[in-house]
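**Q** Quick one: the structure is below, and I'll ask about it shortly.
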Amino acid sequence: MVLPEGFVLPPWYLLVPLLVILAGIVALLWVLEPPVTDRTVLAFAPWMMFGSALHVLYQLGAYPENVETLFATPTVYLVAAAVAGAAWIVAVFLYAGGLQPTISRFFGIAGTAFFAVFASIILNVSWGEETFNLFWPVIAVIAAGIVTAIAWVALSLWVTDVAKTTSYTGALVVFGHTLDGVSTAVGYDVIGVEETVPLSALLLEAGESLPTAEYVGAGWLFVLVKAALALVILGLFKEYVEDAPQQARIVLAGIAAVGLGPGVHNVLLFIAT
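In structure tokens form, the structure reads like this:
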């Protein structure tokens, strides 16, 4: 079993319309064929974070009871994808009409605005509940940035062609998974959060069984594995990016989301609780 606990599906009268809307958005994007560049993938980043914010609000009990299951896992990912897809379509039409200089610019700004609004709600709720705490979340983000920089410099020095080929998309993949690793380690070692993903829990338990756990905690092994895995993936994707850059970047964006989404979720949840 590799899925985390707490998966909840909404009732059919909410799930079916959501799936129909999402299918329509995907079909329209398929027809429009918007370009997917490194800038497009970076523009996706705030939308990944937006999905995390939606789920944290669900955990804080901020939604009406009759729709709250839409924001539980895994449905929250579909909701975020639908909103992001709709914004991408709008960006395509605005660009085609000469109202925006690039598609990625509007798409990224819109995603940043959506994330900022919902993150602000989380901060406001936590402030009102007197659970607001920035120290360890900020430490986690800074540490993730440092580890990402070290990993990316190492990749650039020893496997230059991989770093150059994957570019900003590759850097986002590394940062996303490093943030997930570091925030999980901080939650497990410092805050005392129980890990609900079975495979992650196994790695943390393995780290806890090592002699180093007494001095540096159990989470360092998880961070190392996440960062190394991201670098290995980039190495495997080098030729794919060269042969089919648009398709490869879409897949890499999904891989980045698997890391960045949970990482940002951890950070926001630590702030709020």
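Residue numbers for the sequence shown follow my numbering, so the first one is 6 and each next one is one higher. For each residue, glycine too, the CB sits at the ideal point set by N, CA and C. Bear in mind that the values here come from a model prediction, so they are computed numbers and not experimental data.
Excluding the 5 residues flanking residue 223 on each side, which residues of the same chain have their C-beta closer than 7 Å to its C-beta?
**A** Only 193, 194, 209, 212 and 213 meet the Cβ criterion.
**Q** For the alpha helix (DSSP H) holding residue 193, just list the boundary residues, first then last.
**A** Residue 193 -> no alpha helix (DSSP H), and no H or E assigned at all.
**Q** Do you know offhand how far residue 247's Cα is from residue 216's?
**A** Those two C-alpha atoms are separated by around 43 Å.
**Q** I'd like to know whether the C-beta of residue 65 is nearer than 8 Å to at least one C-beta of chain C.
**A** Structure shown: chain C not included; a single protein chain is present.
**Q** Expressed to the nearest angstrom, what Euclidean distance is found between the alpha-carbon atoms of residue 13 and residue 102?
**A** In a straight line, the C-alpha of residue 13 is about 41 Å away from that of residue 102.
**Q** Can you say whether residue 177 is buried or exposed, counting buried as having 16 or more other CB atoms within 10 angstroms of its CB?
**A** With 16 or more other Cβ atoms within 10 Å, it is buried.
**Q** Taking buried to mean at least 16 other C-beta atoms within 10 Å of its own C-beta, is residue 200 buried or exposed?
**A** Flag for residue 200 reads buried.
**Q** For the 8 Å Cβ check, are there 3 or more pairs between the segment 165-180 and the segment 149-156?
**A** They touch, by the three-pair rule.
**Q** Which class does residue 164 belong to by DSSP, given the choice of helix, strand or coil?
**A** Note: residue 164 maps to coil in three-state DSSP.
**Q** Please report the distance separating the alpha-carbon of residue 44 from that of residue 238.
**A** Whole-angstrom Cα-Cα distance: 20 Å.
**Q** Quick check: the segment 56-70 against the segment 257-270, are at least 3 beta-carbon pairs closer than 8 Å?
**A** With the cut-off at 8 Å, the segment 257-270 and the segment 56-70 touch.
**Q** Using CA coordinates, which residue listed in 65, 35 and 74 is at the minimum distance from residue 19?
**A** It is 74 whose Cα lies nearest to the Cα of residue 19.
**Q** What residue from 104, 158 and 109 has the CA that sits closest to residue 232's CA?
**A** Comparing Cα positions, the closest option is 158.
**Q** What separation, rounded to the nearest whole angstrom, lies between the Cα atoms of residue 39 and residue 138?
**A** Approximately 41 Å, taken between the alpha carbons.
**Q** Please confirm whether any heavy atom of the ligand FMN lies closer than 7 Å to the CB of residue 54.
**A** Among the components modelled here there is no ligand, and therefore nothing to report on the ligand FMN.
**Q** Between residue 98 and residue 204, what straight-line distance do the alpha-carbon atoms span, to the nearest angstrom?
**A** Looking at the two C-alpha atoms, the distance is approximately 42 Å.
**Q** Report the option in 65, 16 and 84 whose CA atom is closest to the CA atom of residue 130.
**A** Of the listed residues, the one whose Cα sits closest to residue 130 is 65.
**Q** Could you tell me which of 32, 121, 261 and 133 sits nearest to residue 90, measuring between CA atoms?
**A** Residue 32 is the option with its Cα nearest to residue 90.
**Q** Can you tell me whether DSSP reads residue 202 as helix, strand or coil?
**A** Three-state DSSP puts residue 202 in coil, outside helix and strand.
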